[in-house]
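Which chain is which? The protein sequence lines are A and B, in order. So the first sequence is numbered by the working numbering: it starts at 4 and just counts up by one. So the second sequence is numbered by the working numbering: it starts at 4 and just counts up by one. Cβ coordinates follow ideal geometry from the N, Cα and C atoms, glycine included.
2 protein chains.
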Amino acid sequence: MKNAATRNTRSSTRSLDSRSRRELARSSSSRKPKATQRTSFIRASEDDAQFVPPSKCQCESCQLRTPSAAYQLERDRIVASRFNVLKEIDQSIDDMISDLEQLVMFQSISVEPEKLLESCRALDWMANRLTDLKFKTYDYPIADNPSNCFVDPHQKVLFAKYFSSPSKNTLLIYGHLDVLPVQIDCWISDPFKLIAKDNLLYGRGVTSGKGMIVGWLQAIECWLKVHNDLPINIKFIVDMLHEVGSTGLQAHITARSDFFADVDFVVFDVNSWVNNINPIVPCSLTGWAHFGVEVRGANKNLESGLASGLVYEPMIDLCHLMNGLVNDEHEIQIPGIEINMKRLSTAEWHLLESAVFRTYEYREDLFVRRLRFEDNKVEFLQNRWCKPTLTMHGVEGADSHPGCRRILPMKVMGKFSIKLVPDQEVKHVFNLVKDHMRFLKVELNVSTQLNVNLLNGIEPLSWTMDSKLIKAVCRAVESVYEKDVITTHAIPICLPIANVLQKLVNKPIILLPYSKRIDKHHHENESIESLNVSRHTKTCAALFAELSTLRPKCKCNVLYQYCTLRGVQEILDAERNVDLNKVAVEKKWYQFTQKAASSDDHPTRSRARSTTYTLKKYLLLPFRCKRKIKRRHTQST
Amino acid sequence: MKNAATRNTRSSTRSLDSRSRRELARSSSSRKPKATQRTSFIRASEDDAQFVPPSKCQCESCQLRTPSAAYQLERDRIVASRFNVLKEIDQSIDDMISDLEQLVMFQSISVEPEKLLESCRALDWMANRLTDLKFKTYDYPIADNPSNCFVDPHQKVLFAKYFSSPSKNTLLIYGHLDVLPVQIDCWISDPFKLIAKDNLLYGRGVTSGKGMIVGWLQAIECWLKVHNDLPINIKFIVDMLHEVGSTGLQAHITARSDFFADVDFVVFDVNSWVNNINPIVPCSLTGWAHFGVEVRGANKNLESGLASGLVYEPMIDLCHLMNGLVNDEHEIQIPGIEINMKRLSTAEWHLLESAVFRTYEYREDLFVRRLRFEDNKVEFLQNRWCKPTLTMHGVEGADSHPGCRRILPMKVMGKFSIKLVPDQEVKHVFNLVKDHMRFLKVELNVSTQLNVNLLNGIEPLSWTMDSKLIKAVCRAVESVYEKDVITTHAIPICLPIANVLQKLVNKPIILLPYSKRIDKHHHENESIESLNVSRHTKTCAALFAELSTLRPKCKCNVLYQYCTLRGVQEILDAERNVDLNKVAVEKKWYQFTQKAASSDDHPTRSRARSTTYTLKKYLLLPFRCKRKIKRRHTQST
């Protein structure tokens, strides 16, 4: 494995212009001590936590209220760099593979507590990598899940931020480095060693967290190489407990909500391909409601040899009650459960119809005899995505250990969850469940005490597909895949942490397509097309550029003196030591005249469009340029 | 707490005759090292384990083939001592209370693994106490239950034996020293401190193991004081894991089956009073069959967010299947389940009818709203004792932890048990259950795989009430309680270890009545009438005497040179230094002539009976006596 130092040297020698080479060499030489190196470069306020939000923007120099020439110049530079970045990504495939190789080697299986140290090491690797990429990183211990009783090493989460400029949008990227356990004998090669074979990359985690995060890292690295800065501000949450439900992260995010105050968008990678041709940008998330049906008999557990047959047993009553939730075909029997459900549109029906999904493959993969609705693909996929479904998870309080215990449990809780889809509501579904259980209790003449609890509930989400944001995302994806992107509500993604983050930070969610349906997602012999990995990296890079075109909002109302913060961009501008105003005016003028000339050269173009274009451009020009044009016009006429 | 040394001194100063005082003092002084002391007294073969069972008795001096005078003399001495022993018990109440006090102080709660050390200490106390009573003790570690992962101190079992003579019966006593957990705030006093109040003894364990074992200890001590020997040979199994199902003991017993080779009877104390007036000697044990209904779907657990609604869920199918086992009134729905059940006789019906059992008290004690058959006492008690009942214990393999896990379990096992009553058979019931589950699978159109397993099965037992043994037991109980004893099959006792031991050693079981229904058995504020404790001690003592009257069987076929083993009795005889033959002849002669004289004094007695008596006695007399009588007769005629 290459260590951080060699990586740093390598990237510095490859940087494009002398300025950035100087910059990177300086940061490399001053890397120890780490803290100094970080603060020497990024001047983000250390005491974000103590800000007093002003009622409105108080900064005189707010770039967003009166955009300066530097701001305009940077936007142009980003447009100009974008093409080079994508080209750079094509040339950095080896770096990307090297990153993925190192990440795959960590056996960060989060469901196996004894592998916690591996997860921590993966997180440290990530922190080093981000530090090299001029990020400021923080890792926080997370409160343990009571059922996992490991103490040291402690489970952690990594936060990181890169602050380029107050006049840029901020993107929050969620990534995770933990993987599912492996059945080692089912793998043709070592699951923790990246193997490239027939244009496929094999290794645990390549279709989930590890593969995704490599894309972001490489996109950032290439932007820094080409542009010496990022087109947007970026924040990271890197999780190591994703596969065990990110326990504790929710509480931690809530406690550190100041970190998210300036976030404009949140992005998640998802595996949402349907037909393997058109990438999909889903615009909805499923929710869920987790219920506990508590049935209580006597005030203590009894010995079955003594009390069997004398009391009404809670476990038997629970069985009767749970039985009434679903019929023999496993259809939910709770009246009214589908009332608020969004119906499929014709387009959505056709999308599901066109899905590359073979139920028999799914069936064979799971080794089951029969699937629900296996003869009707659309019905099957509707159940998969757009309809509420019920799962029984287990029973708490009853005998769950191997062997025979003669205990007659006197307080048991049956646990089931219902997947919610837009536009269902947790509260409404809870009421339906309560009513149904009460009805069953009366109908079955149950004597034991019944209590229906909502153990956890997350509302499903959906958002408009016509927003500027979604359009920008689609542009980014389309520019890479060169296929029409499908935006849809028909494929709500099940990503609990996304619902939680959305609720907490109240920011739009971007769901970016990652591995295709033909990739072996989460399977044994997990693999992904190498092409898909590099495409994902390009999508990430393109997304940065696209998001930079969206008009940012001033964050002075949430982050004290946000607009007066000095970011990377300002330092670079100062280093360039150019009269920004003069440069900007000259450049705008040049562009405008060039455009005007080229529009005159094309007589086939309609006059109306040309005028609109000119007028729009004219309005966008700074005042000085306008004066120049006016003068020219008066001269020519 | 008094230590073993002071106890020893106390008992030795109280012993009745100088011989035994000498004996005990000697054993006390030579108590260290223990091994020497034990072997100096009891000459039981050390290598019991290596015996080669001969085809028939090979010993020339077999007491049982040709009973010697010493054998006859001992039987007479036992009869003579019995009254004194009961008197001695009345005078030793304080000793008994002191024993119980010490035992109650051990917090030997076996369901709490952290209290294991306390249980071990209780067992050590017991071992010391038995050593003082001339027992040879052995403690063995027992294989841990895999679910209890404590390693040291290790769980143990105590075996002990007292070998008086090869011509005496051997009784195996099962006792246990562990108790149920306490809810400390529900007790009016410290549950681990014996409190005497209003003729009641309060303390955890007084109505179960600890109270019972004290009775046996005191009965043995008093017999040794009065008789300097025991009327029978005694073996002990002292368990410390009774309340957690004696896990591991069954395997250990099987492995050490040589220990039980010479056992004639096995005795258990049970709480089988029905009307609080007539003691009950039950003649049956319930059995049980523990089933696991395994339902299997895919080859791995799934994430409910991804697979919910697509597969037929094992947990839902299990719920449907288990639901078909019992109806809403919790009646077993397995066809034919009651076919082999023994029906109640009229006498048995009347016995249940007369039971002092108030269903409302039971209901209030458990804090439940309604009991099954609470308006019909006989029906209720029939369900309690004489009818098969079904209990659902829980589900293995499903989510049983607090909190919400989004797992869709793919292999679950529902566990239930059926209580079996005489004359049901485990195998037959297993077949019925299998057939019913298969029927339900077809009826409910279940697609997941079903497997019905018999996890554990113990046959129910019942034995004749007319045997000499049961009559002897009844005589013992009646002599103490002075009430008619009821023997019945209508109250099968639920005592799993008894079924196991019976099956292993294949010896008759004696179920001795202990605490009454009004005693608070296993409850908080557990208490027992002091009178009942002393009565139990007397019953134990009387039982020793009664069992000694039953003709013992020679064990040479199972225990090599059994008849030539020297026991306590032989040593004592040698110490007494009397010509046993002469004594025996003189005594027999004296008795015979006395009887003959007294029968002559009663002219009301029928001549026939008197002749029979005389003839019977004559036949029983040793040859020497007969010659004397003959001589006398010839002289007188």
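- For aspartate 522/A against asparagine 509/A, the beta-carbon gap comes to about 33 Å, at or over 8 Å, which does not count as contact.
- Contact between alanine 401/B and histidine 396/A holds: their C-beta atoms lie close to 6 Å from each other, under 8 Å.
- For methionine 395/B, DSSP records a beta bridge to Phe419/B.
- Going by C-alpha positions, tryptophan 352/A is about 7 Å away from valine 381/A.
- DSSP assignment within the segment 455–515 of chain A yields the following whole beta strand (DSSP E) runs of 3 residues or more, N-terminal first: 489–491.
- In the DSSP assignment, alanine 199/A forms a beta bridge with Leu204/A.
- Per the coordinates, the alpha-carbon of histidine 492/A lies some 16 Å from the alpha-carbon of phenylalanine 271/A.
- Contact annotation: the segment 483–498 of chain B touches the segment 277–296 of chain B, with at least three C-beta pairs closer than 8 Å.
- Assignment of beta strand (DSSP E) within the segment 287–319 of chain B, counting only whole runs of 3 or more residues, yields 290–299 in chain order.
- Here leucine 507/A is near isoleucine 256/A, since their CB atoms are less than 8 Å apart.
- When only Cα atoms are considered, histidine 245/B and isoleucine 500/B end up about 8 Å apart.
- Between glutamate 364/B and valine 229/B, the C-beta gap is not smaller than 8 Å, which leaves the two residues out of contact.
- Using a Cβ-Cβ cut-off of 8 Å, alanine 358/B does not count as an interface residue toward chain A, since no Cβ of chain A sits closer than that to its own.
- Close to histidine 179/A, with beta-carbon spacing below 9 Å, lies no residue of chain B; the smallest spacing is near 14 Å.
- When 9 Å is used as the limit between beta carbons, arginine 520/A is near no residue of chain B, the shortest such separation being about 13 Å.
- Put simply, the CB of phenylalanine 86/B is far from chain A, with every gap to its CB atoms at 8 Å or more.
- The Cβ-Cβ distance between leucine 355/A and leucine 384/A falls below 8 Å.
- The closest CA to that of leucine 233/B, considering only Asn278/B, Tyr165/B, Gly218/B and Ala72/B, is found on Tyr165/B.
- Here the C-alpha atom of threonine 210/B lies approximately 27 Å from the C-alpha atom of serine 420/B.
- Glutamate 117/A is classed as exposed because its beta carbon has fewer than 16 other beta carbons within 10 Å across all chains shown.
- Leucine 133/A carries a helical assignment under DSSP once its states are collapsed to helix, strand and coil.
- Taking 8 Å as the cut-off between beta carbons, none of the residues of the segment 90–111 of chain A comes near chain B.
- CA-to-CA, the gap between glutamine 221/B and leucine 89/B works out to about 11 Å.
- A distance of 8 Å or more separates the beta carbons of valine 269/A and leucine 103/A.
- In the DSSP assignment, asparagine 236/A falls outside any alpha helix (DSSP H) and within the unbroken beta strand (DSSP E) covering 236–242.
- Within its own chain, the residues whose Cβ lies closer than 6 Å to the Cβ of asparagine 330/A, once the five positions on either side in sequence are excluded, are Gln336, listed in chain order.
- Listed in chain order, the positions of the segment 312–334 of chain B with a beta carbon within less than 7 Å of a beta carbon of chain A are Gly312, Leu313, Val314, Tyr315, Glu316, Met318, Ile319, Cys322, His323, Met325, Asn326, Val329, Asp331 and His333.
- At a cut-off of 8 Å, the C-beta of threonine 289/A has a neighbouring C-beta in chain B.
- Along the segment 359–377 of chain B, going in chain order, the ones with a CB nearer than 7 Å to a CB of chain A are Leu369, Phe370, Val371, Arg372, Arg373, Leu374 and Arg375.
- With 16 or more other Cβ atoms from the protein chains shown falling within 10 Å of its own Cβ, asparagine 231/A counts as buried.
- In the DSSP assignment, aspartate 93/B falls within the unbroken alpha helix (DSSP H) covering 72–94.
- Proximity of the segment 421–433 of chain A to the segment 432–449 of chain B falls short of the contact definition, fewer than three beta-carbon pairs being nearer than 8 Å.
- Residue nearest to leucine 447/B within the set Leu309/B, Asp135/B, Tyr315/B and Met99/B is Tyr315/B (criterion: CA-CA distance).
- DSSP places aspartate 272/B in the uninterrupted beta strand (DSSP E) bounded by 268–273.
- Of all residues in the segment 412–429 of chain A, those with a C-beta nearer than 7 Å to a C-beta of chain B are Pro412, Lys418, Ser420 and Lys422, reading in chain order.
- In the structure shown, the three-state DSSP call for serine 530/A is strand.
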